[in-house]
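S.K.: Below: one structure in structure tokens.
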DNA sequence: TCGCTAACGTGAATCCAATTCATAATATTC
DNA sequence: GAATATTATGAATTGGATTCACGTTAGCGA
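Residue numbers (our numbering), protein chains in the order written: chain A, 813 to 1113; chain B, 813 to 1113.
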């Protein structure tokens, strides 16, 4: 049997209006239409939904069950419709973020915290675990924004610049390299490099230093968490290259040394990638604005 | 906008089947029909529900919202349909009982207790407060069964006999009438009669004794609860006429006397009135069977 | 009890919207 | 890049919902 929402609306209207004729008026239909509709529904259901002994017809016990369901379901539909309305006008939406750079957790949380106060209706989430194909995921609408420092010219994707940072060398104060004012590619030959577990073309050390110079570090250890990387570096089990904002805490720590890389002016830029059509959405624009201003404030203070 | 269940079913099917074509097969429709339907729905809603960049098309974030609603609502509809199925086959139903005779509470609870074990799916209730127009209420399907000792020949109503009882006179042992072996109408002239608060034509004392004899008791006090009536009678503040099954407890109590009425063979019959079409329903038949057998067992033991 | 009025039911005609048919456009795969 | 699979499109068709016109029934007051 094929119950439809139309039927639920009708049942509710007849009940509210207390009769077929008034209900018909309410719904901008003829009384006859409703009569036919009810008859059809009763056919479907296989029993009488109304008592016709008394004249303004009233719900039977089976009809009351239907009414209860209607009263539960129809408000849900209304809510859904209102939600779509809000979606259209841009008050609400979804902001699922994929991050290619693990270190971004650091400032991203702070930014999201500010964001969700301004846009409480927007469904926010961070999706780790798809760092490799985050751009296809963006196009498939699995996520809505990708934090990346490797803009690729892709149809349908807009790259919004956020802020610049310096990939910075960090090592133990015990490490012999502490003697050098600046670190170059060959310095890594006899070092254990510690990095996030992502492919080399997503790691600044490789893309900007080691790969061009065709240098391979003595060992390469993959670690997920920034705190753990710093811990290992602190105990001189390896060296790392991290964005400057991450190592602001260890800069003043005597156990660590930080040094600029190679020519000395290495700068990278972080982007928020969105689908073209989303870039204009008000909450997206706001998020990107926050992503531009807040991290630099964080780094200073 | 007019979302219909059809749309929810479609969304769910496309998601389950993982594509339009397979979904169409599932729903016994052409792929084209679904394509049109989805397009129409997206028009209504005012945004894309699916991502078409990749070929087996997938839900967009708005589509996912719709899917969530569908997953909540469609099971409710299925449950409803199953319920109607059960209603048709008679496994479930409603048994709302109106009682004209207050004293019936006594045995009715016991019967209902047995009944609800046998028919757990049937919605049981006792409706007091419409003793006066219980038969119209029965026809209006406000209740489904009326316990009555006053069968009226009414179109659409079947009276199923339950059991017989004797309206019995009960008074304090202190009352002068205790001396009489049998109580007649004129004996009430100088007595306070205590009865349930219902119209006289529903009270056995009047219909079978006082009204025919045109006798009026000295006073007539209305009391709701059987226990209170007996209490008042016990302290000789009045006399009462109650069904024999109610006074089985006081028969052995020295504070009370019970006497037969008038000619001595006054017997009344209790009926369960149902709508004609309901009388055949299995759970109704079962209830009536219980209503015949259980009260007499109670009275004996 | 009669007749009036309001409310509901019925059947044929109509209309609109959902579906189909046929085919084009587009992505995916090897 | 051909072959395949998947979705889109437009005209034609179908079918179900609605309307129209009228018949029927219940309620109500004189």
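For glycine and all other residues, C-beta sits at the position ideal for the given N, C-alpha and C.
Closer than 8 angstroms is the cut-off here; do at least three beta carbon pairs connect the segment 976-989 of chain A with the segment 1043-1051 of chain A?
M.R.: Yes, the segment 976-989 of chain A touches the segment 1043-1051 of chain A.
S.K.: Taking residue 1081 of chain A as the query, report the chain B residues whose CB atoms sit under 7 angstroms from its CB, ordered along the chain.
M.R.: Within chain B, no residue comes near residue 1081 of chain A; the closest Cβ sits about 27 angstroms away, beyond 7 angstroms.
S.K.: I need the DSSP call for residue 871 of chain B, collapsed to helix, strand or coil.
M.R.: Residue state, collapsed to three classes: strand.
S.K.: Can you tell me whether DSSP reads residue 1024 of chain B as helix, strand or coil?
M.R.: DSSP places residue 1024 of chain B in helix when its eight states are reduced to three.
S.K.: List, in chain order, every chain A residue whose beta-carbon is nearer than 7 angstroms to that of residue 953 of chain B.
M.R.: Under the 7 angstroms cutoff, chain A gives 863, 872 and 873.
S.K.: Output, in chain order, the set of chain B residues within a Cβ distance shorter than 8 angstroms of residue 859 of chain A.
M.R.: Here the neighbours are 896, 899 and 900.
S.K.: Quick check on the DSSP output: the beta strand (DSSP E) that includes residue 976 of chain A runs from which residue to which?
M.R.: Taken as a continuous stretch (DSSP letters only), the beta strand (DSSP E) holding residue 976 of chain A covers 969-977.
S.K.: Listed from N- to C-terminal order along the chain, which residues in the segment 818-851 of chain B have their beta-carbon within a distance smaller than 7 angstroms of any beta-carbon of chain A?
M.R.: Cβ contacts with chain A come from 818.
S.K.: Hey, residue 970 of chain A and residue 1059 of chain A: beta-carbon distance below 7 angstroms or not?
M.R.: Contact flag unset, no.
S.K.: Using the three-state DSSP reduction, which class does residue 960 of chain B fall into: helix, strand or coil?
M.R.: Of the three classes helix, strand and coil, the one that applies to residue 960 of chain B here is strand, per DSSP.
S.K.: Just the C-alpha distance for residue 994 of chain A and residue 1014 of chain A, rounded to the nearest angstrom, thanks.
M.R.: Whole-angstrom Cα-Cα distance: 23 angstroms.
S.K.: What span of residues does the alpha helix (DSSP H) with residue 948 of chain A cover, start to end?
M.R.: Taken as a continuous stretch (DSSP letters only), the alpha helix (DSSP H) holding residue 948 of chain A covers 946-951.
S.K.: Identify the contact partners of residue 816 of chain A in chain B, using a Cβ-Cβ distance below 7 angstroms as the criterion.
M.R.: Correct list: 816, 817 and 818.
S.K.: Bridge partners for residue 935 of chain B per DSSP, in chain order?
M.R.: Residue 935 of chain B is bridged to B/906.
S.K.: Would a check of beta-carbon distances place residue 880 of chain B closer than 7 angstroms to chain A?
M.R.: Chain A, which has no Cβ nearer than 7 angstroms to the Cβ of residue 880 of chain B, makes this no.
S.K.: Assuming contact is defined by CB atoms lying nearer than 7 angstroms, are residue 1038 of chain B and residue 915 of chain B in contact in what I supplied?
M.R.: Yes.
S.K.: What residue from A/1026, A/1022, A/1064 and A/1077 has the CA that sits closest to residue 1052 of chain A's CA?
M.R.: Residue A/1022 is the option with its Cα nearest to residue 1052 of chain A.
S.K.: By Cβ distance, which residues of its chain are closer than 7 angstroms to residue 966 of chain A, with the 5 residues on each side in sequence left out?
M.R.: Around residue 966 of chain A: 947.
S.K.: Tell me whether the segment 1025-1040 of chain B and the segment 996-1007 of chain B touch, counting them as touching only if at least three CB pairs, one residue from each stretch, are closer than 8 angstroms.
M.R.: They touch, by the three-pair rule.
S.K.: Could you tell me the alpha carbon to alpha carbon distance between residue 1098 of chain A and residue 1090 of chain A, rounded to whole angstroms?
M.R.: Distance between the alpha carbons of residue 1098 of chain A and residue 1090 of chain A is about 12 angstroms.
S.K.: So, for residue 869 of chain A: in the same chain, excluding its five sequence neighbours on each side, which residues have a beta-carbon less than 8 angstroms away from its beta-carbon?
M.R.: Result list for residue 869 of chain A: 826, 831, 832, 862 and 863, in chain order.
S.K.: Hey, is residue 906 of chain A's beta-carbon within less than 7 angstroms of any beta-carbon in chain B?
M.R.: Output row for residue 906 of chain A: interface = yes.
S.K.: Whose C-alpha, out of B/1012, B/936 and B/906, is nearest the C-alpha of residue 872 of chain A?
M.R.: Looking at the Cα atoms, B/906 is the closest of the given residues.
S.K.: Three Cβ pairs or more, each shorter than 8 angstroms: is that satisfied between the segment 871-886 of chain B and the segment 816-825 of chain B?
M.R.: Segments in contact, yes.
S.K.: Have a look at B/882, B/974, B/898 and B/891 and flag the residue whose alpha-carbon is nearest the alpha-carbon of residue 1081 of chain B.
M.R.: The shortest C-alpha separation from residue 1081 of chain B is found at B/974.
S.K.: Which first and last residues belong to the alpha helix (DSSP H) in which residue 826 of chain B is found?
M.R.: Per DSSP, residue 826 of chain B belongs to the alpha helix (DSSP H) from 817-829.
S.K.: Taking beta-carbon pairs under 8 angstroms, can you tell me which members of the segment 1006-1020 of chain A lie near chain B?
M.R.: Of all residues in the segment 1006-1020 of chain A, none has a Cβ within less than 8 angstroms of some Cβ in chain B.
S.K.: For chain B, is any of its Cβ atoms less than 7 angstroms away from the one on residue 885 of chain A?
M.R.: Yes, because at least one Cβ of chain B sits closer than 7 angstroms to the Cβ of residue 885 of chain A.
S.K.: Among residues of its own chain, excluding the 5 on either side of residue 1050 of chain B, which ones have a beta-carbon nearer than 8 angstroms to its beta-carbon?
M.R.: Same-chain partners within the cutoff: 1003, 1004, 1005, 1006, 1031, 1033 and 1044.
S.K.: How is residue 923 of chain B classed by DSSP in three states: helix, strand or coil?
M.R.: Note: residue 923 of chain B maps to helix in three-state DSSP.
S.K.: To which residues of the same chain is residue 1088 of chain B closer than 8 angstroms at the C-beta, ignoring the five residues directly before and after it?
M.R.: So the qualifying residues of the chain are 968, 969 and 970.
S.K.: Can you round the beta-carbon distance between residue 959 of chain A and residue 1084 of chain A to whole angstroms, since I take them to be within the 8 angstroms contact cut?
M.R.: With a Cβ gap of about 6 angstroms, residue 959 of chain A and residue 1084 of chain A count as contacting.
S.K.: Of the choices B/964, B/897, B/903 and B/1063, whose alpha-carbon is the least far from that of residue 1096 of chain B?
M.R.: Closest by alpha carbon: B/903.
S.K.: Kindly identify the DSSP beta-bridge partner or partners of residue 1033 of chain A.
M.R.: Residue 1033 of chain A pairs with A/1006.
S.K.: Spell out the partners DSSP gives residue 1055 of chain A in its beta bridges.
M.R.: Paired residues: A/979.
S.K.: Tell whether a beta-carbon distance below 7 angstroms holds between residue 834 of chain A and residue 951 of chain B.
M.R.: Not a contact, by the Cβ cut-off of 7 angstroms.
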